[in-house]
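Trainee:
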Amino acid sequence: MAYLIRYNFQIDFDFTNLLNQVPYVAIIAAISFVAVGSYKGVVRFTGFKDIVNIIIGANILATILIFFTFLSRKMLGDNSIFNLPGSIIYINLLLNILLLIGAKLFIKSIYNHITQDFQSVSNVLIFGAGNSGMLTYDAIQNDTKSGLEVVGFIDDDERKIGKK
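Numbering (the numbering used here), first residue to last: 106 to 269.
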């Protein structure tokens with residue numbers, strides 16, 4: 106995909122070289138994402154830590170690809186099988202981050218939507234719109250079995266009226 110974006114969706118590049126590079130990149134990607142454990146997260150608890158793991162894994166992948174490209178250019182010259190252009194590596198980095206985070210959050214939203222359809226919901230108001238109120242809100246939102254739907258906050262601070 107990075108090659109297609111780089112070359113404006115035209116196959117103006119050595120396609121056989123791409124096919125030879127794909128297995129190596131896939132193996133390195135698998136190693137980098139297994140190393141950070143981005144696959145371990147539970148779907149319903151997907152959060153900031155999972156996003157950070159994906160970003161770290163994608164950066165490890167890009168760093169290894171840059172390192173191997175540098176080595177192959179120094180040792181084998183420009184005709185080596187592992188001669189990846191820097192633009193391809195960076196486009197691949199951004200695609201990995203965007204698509205993996207997007208997929209994880211999309212799956213979480215589908216899971217939440219499906220599980221909420223099968224339970225009765227009670228509307229609740231949270232007293233306090235400060236830090237403790239936000240902690241309570243997060244706890245209710247992350248507990249899919251609570252059957253609670255936060256409809257608002259009650260607070261005596263007039264500056265917080267009408268805020269979302």
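Virtual Cβ for every residue (Gly too), placed ideally from N, Cα, C. Just so we're clear, the structure is a prediction, and the values are computed from it rather than from any experiment.
Taking C-alpha atoms, which residue in Lys179, Val130, Asp262 and Val148 lies nearest to phenylalanine 211?
Mentor: Val148
Trainee: If you follow the beta strand (DSSP E) that leucine 253 is part of, which residue opens it and which one closes it?
Mentor: In the DSSP annotation of this structure, the continuous segment of the beta strand (DSSP E) that includes leucine 253 starts and ends at 253–259.
Trainee: Can you tell me where the beta strand (DSSP E) with leucine 230 in it begins and where it stops?
Mentor: Start and end: 227–232.
Trainee: Return helix, strand or coil for phenylalanine 187, following the three-state DSSP convention.
Mentor: coil
Trainee: How about threonine 121 and lysine 213: are their beta carbons less than 8 Å apart?
Mentor: no
Trainee: Under 8 Å by Cβ, that's how I've got glutamate 254 and asparagine 217 pegged, so tell me the actual separation to the nearest angstrom.
Mentor: Not a contact, Cβ separation roughly 12 Å.
Trainee: Based on Cα-Cα distance, which residue from Val139, Ile136 and Thr174 lies nearest to glutamine 126?
Mentor: Nearest neighbour of glutamine 126 by Cα position, chosen from Val139, Ile136 and Thr174, turns out to be Thr174.
Trainee: Is it the case that the segment 151–171 contacts the segment 194–208, given that we only count it when at least three CB pairs across the two stretches are under 8 Å?
Mentor: yes
Trainee: Below 8 Å on the Cβ atoms is my contact criterion, and I expect glycine 252 with serine 225 to pass it. Report the Cβ-Cβ distance as a whole number of Å.
Mentor: 6 Å
Trainee: Note down, in chain order, each residue of its chain lying with its Cβ closer than 7 Å to the Cβ of tyrosine 242, except the 5 sequence neighbours on either side.
Mentor: Ile231 and Val255
Trainee: Exposed or buried, what is alanine 135 when buried is set at 16 or more other beta-carbons lying within 10 Å of its beta-carbon?
Mentor: exposed
Trainee: From asparagine 188 to serine 143, what does the alpha carbon distance come to, in whole angstroms?
Mentor: One C-alpha to the other measures close to 28 Å.
Trainee: Quick one: residues in its chain with C-beta nearer than 7 Å to the C-beta of phenylalanine 118, no 5 flanking neighbours on either side, listed in chain order?
Mentor: So the qualifying residues of the chain are Tyr108 and Tyr112.
Trainee: Return helix, strand or coil for isoleucine 116, following the three-state DSSP convention.
Mentor: coil
Trainee: Which of the three DSSP states is assigned to valine 147 in this structure?
Mentor: coil
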